[in-house]
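These notes concern the structure reproduced below.
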Amino acid sequence: MAEIDLQKIVSHCKEYGFVFPSSEIYDNLGAVYDYGPFGVELKNAIKEYWWKSMVQMNDNIVGIDAAIFMHPTTWKASGHVDSFSDPLIDNKDSKKRYRADVLLEEKIEKFKEKGLKELAKKGVSSDASEEDKGKASRDYNKGLILEAEYIKAAEAGDLKRYKELIEEYEIACEVSGSKNWTEVRQFNLMFATKLGSLEESATDLFLRPETAQGIFVNFLNVQKTGRMKIPFGIAQIGKAFRNEIVARQFVFRMREFEQMEMQFFVRPGTELEWFEKWKQIRLKWHLALGTQSDDLRFHKHEKLAHYANAAEDIQFRFPIGFKELEGIHSRTDFDLAEHQKFSGKKLQYFDSELNQNYVPYVVETSIGLDRMFLRVMSESLKEEQLENGDTRIVLNLPPALAPIKVAVLPLLKKDGLPDKAKEIYNQLRFIGRAFYEEKDSIGKRYRRMDALGTPYCITVDHQTLEDNTVTIRERDSMAQERVHIDQVEEIVRKKVDMNELLKKAMI
Ligand code: GAP
10 MAEIDLQKIV
20 SHCKEYGFVF
30 PSSEIYDNLG
40 AVYDYGPFGV
50 ELKNAIKEYW
60 WKSMVQMNDN
70 IVGIDAAIFM
80 HPTTWKASGH
90 VDSFSDPLID
100 NKDSKKRYRA
110 DVLLEEKIEK
120 FKEKGLKELA
130 KKGVSSDASE
140 EDKGKASRDY
150 NKGLILEAEY
160 IKAAEAGDLK
170 RYKELIEEYE
180 IACEVSGSKN
190 WTEVRQFNLM
200 FATKLGSLEE
210 SATDLFLRPE
220 TAQGIFVNFL
230 NVQKTGRMKI
240 PFGIAQIGKA
250 FRNEIVARQF
260 VFRMREFEQM
270 EMQFFVRPGT
280 ELEWFEKWKQ
290 IRLKWHLALG
300 TQSDDLRFHK
310 HEKLAHYANA
320 AEDIQFRFPI
330 GFKELEGIHS
340 RTDFDLAEHQ
350 KFSGKKLQYF
360 DSELNQNYVP
370 YVVETSIGLD
380 RMFLRVMSES
390 LKEEQLENGD
400 TRIVLNLPPA
410 LAPIKVAVLP
420 LLKKDGLPDK
430 AKEIYNQLRF
440 IGRAFYEEKD
450 SIGKRYRRMD
460 ALGTPYCITV
470 DHQTLEDNTV
480 TIRERDSMAQ
490 ERVHIDQVEE
500 IVRKKVDMNE
510 LLKKAMI
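Numbering (our numbering), first residue to last: 10 to 516.
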């Protein structure tokens, strides 16, 4: 099976109507994308999988849909106005802009990767402690030293030190090859806009950079109206906006994207226990999709955000390497306590078992819907070498997520075959999105359905008119079987059933 790189995924998404660059007729808008007819179906299926497992199947989690615009003080309280920024550096020769932290992290990663190869040759296990790996490999040790320096600088917010490290470790611009850098400066990632028609009285607003704050400010509304008892969660799916600097990775890093977030409110002191529980629940959700377990891993944050007392990412092996797919954060009582302070309104919970009021602690699970889309695409898109020497492009999607669940194809466009096929198609539409197609040879139509990830194709031929049987072709094995029309609905329904996927994720 041929390796699929990011460029192939981008091209496939465009050619088959999954994702288009935004405003393409005007030469695109950087790091903004539009989902096409099949992309939106896949995205909706991912949302459904998440929403059902997180909200509908959990008695103690409810959903909301908060507005994108929020009172501007929200972002002062949450810390986004003061500290939601990336450290920027420009190369003076190429004028290319980089994130200074990313340059350093990539250098650390390079040292470590080189070190691991050296260690493998020496027979040192990759499970050895960091200290032992550092002792056995010079490069690994360099990685550890730079990492320690970088964390120290990050914790102190020392941008001068970032630049010194970039210079000391001779990091060069990938375009000009030069080490001629500007100073490092902070760049706030929030998009600002205005509310109100009069310039002088308009209020400055931000497009929300995360959906979580809509949950925090509604904590009491939801707790009271839903009569929720701690521990309980509030979930939502919605758009978020960030003026990303490094944005060259398709839907992995976008300026407008969607998040699926859940804040779980717990008794203070129990948050780390819940943090561990949520890590395992979320990993199971990911694995239920049939992912190879070594394509997913936890990555612990060494440098914690100002609001967290524990944080780990679930990383996935994207074609651009292991990268963050989902974040699981123990956010303490930071957000609620800050909103309480800035709003002057009590955001407390009365715990009748303890007979005590407190500001709950929060464990958050936060996944980018677009990253999840890219992950599903990356692991599903395959280029297969067939026995007859042909290659076939197939999108091996988990059937419950497939944009089209079943295609109905009359073998010929005559002899009453289209009428019979449409009859079957009308019946199958109740299972999910069905597709009817009569153009092109049957082989070509199969290939198109493979490329769109359709789990089953039903072919109607002359024999169908005689005995009500059809050919059902399975996408992955390409096996074809003759079955009675009455059996088709059950076969397809069983295969594409979201509930089967949910059972794997939850039981
Ligand atoms: N409320 C916590 C929060 O927003 P985050 O780690 O900044 O945490 C959570 O973001 C998730 O949102 C990430 O794991 C990623 O999947 C997704 N995400 C973040 N920035 C993104 C971007 N620019 N484009 C696409 N997805 C993004």
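Glycine included, each C-beta is placed from N, C-alpha and C at the ideal position.
Here the structure is a predicted model, which is why all the values come from computation and not from measurement.
- Contact between the stretch 419 to 428 and the stretch 59 to 76 is not established, with fewer than three Cβ pairs separated by less than 8 Å.
- Boundaries of the alpha helix (DSSP H) around I500: I494 to V505.
- Residue pairing of M79 in beta bridges, as defined by DSSP: absent, with no partner found.
- Judged by DSSP in its simplified three-state form, I402 adopts strand.
- The nearest non-hydrogen atom of the ligand GAP is less than 7 Å from the C-beta of M263.
- In the three-state DSSP reduction, Y434 falls in the helix class (H, G or I).
- K161 and E114 have their C-alpha atoms spaced approximately 13 Å apart.
- Contact check for Q324 against L334 passes: the beta carbons are separated by less than 8 Å.
- F241 is bridged by DSSP to F274.
- Looking from the CA of R340, the closest CA among Q365, L313, G330 and R217 belongs to L313.
- Of all C-beta pairs linking the stretch 392 to 406 to the stretch 442 to 450, fewer than three are shorter than 8 Å, placing the two stretches out of contact.
- Of the candidates S146, G48 and A109, S146 places its Cα closest to the Cα of L125.
- If you check the C-beta of E270 against the ligand GAP, you find a heavy atom less than 7 Å away.
- Collapsing the DSSP output to three states places Y25 in coil.
- With a 10 Å radius around the Cβ and a threshold of 16 neighbouring Cβ atoms, K130 comes out exposed.
- In this structure, F225 is the residue among F331, A249, F225 and A181 with its C-alpha nearest to the C-alpha of F241.
- The C-alpha of K169 is placed about 35 Å away from the C-alpha of L15.
- T202 and K503 have their C-alpha atoms spaced approximately 48 Å apart.
- The beta carbon of V90 lies closer than 7 Å to those of W84 in the same chain, with the five residues before and after it left out.
- Rounded to the nearest angstrom, the gap between the Cα atoms of Y25 and E388 is 17 Å.
- The closest heavy atom of the ligand GAP lies less than 7 Å from the beta carbon of G336.
- DSSP assignment within the stretch 209 to 233 yields the following whole alpha helix (DSSP H) runs of 4 residues or more, N-terminal first: 221 to 225.
- DSSP lists no beta-bridge partner residue for Y455.
- Taken from the Cβ of S375, at least one heavy atom of the ligand GAP lies inside 7 Å.
- At least one heavy atom of the ligand GAP is found less than 7 Å from the C-beta of F266.
- One alpha carbon belongs to W287, the other to H310, and they sit about 16 Å apart.
- A contact is defined here as three or more CB-CB pairs under 8 Å, and the stretch 35 to 45 fails this definition with respect to the stretch 350 to 358.
- Not one heavy atom of the ligand GAP falls within 7 Å of the beta-carbon of A317.
- Within 7 Å of the C-beta of D213 there is not a single heavy atom belonging to the ligand GAP.
- For K123, same chain residues with a beta-carbon under 6 Å away, outside a window of 5 residues either side, are D148 in chain order.
- A distance criterion of 7 Å places the beta-carbon of D43 beyond contact range of the ligand GAP, judged by its closest non-hydrogen atom.
- Residue environment for S187: exposed (fewer than 16 other C-beta atoms within 10 angstroms of its C-beta).
- Between the ligand GAP and the CB of D379, the shortest heavy atom gap is smaller than 7 Å.
- Pairing I98 with A86 gives a Cβ-Cβ distance that is not under 8 Å.
- Taking the Cβ of E321 as the reference point, every heavy atom of the ligand GAP lies at 7 Å or farther away.
- Taking a contact as a CB-CB distance under 8 Å, the pair P464 and V505 counts as one, their CB atoms being some 6 Å apart.
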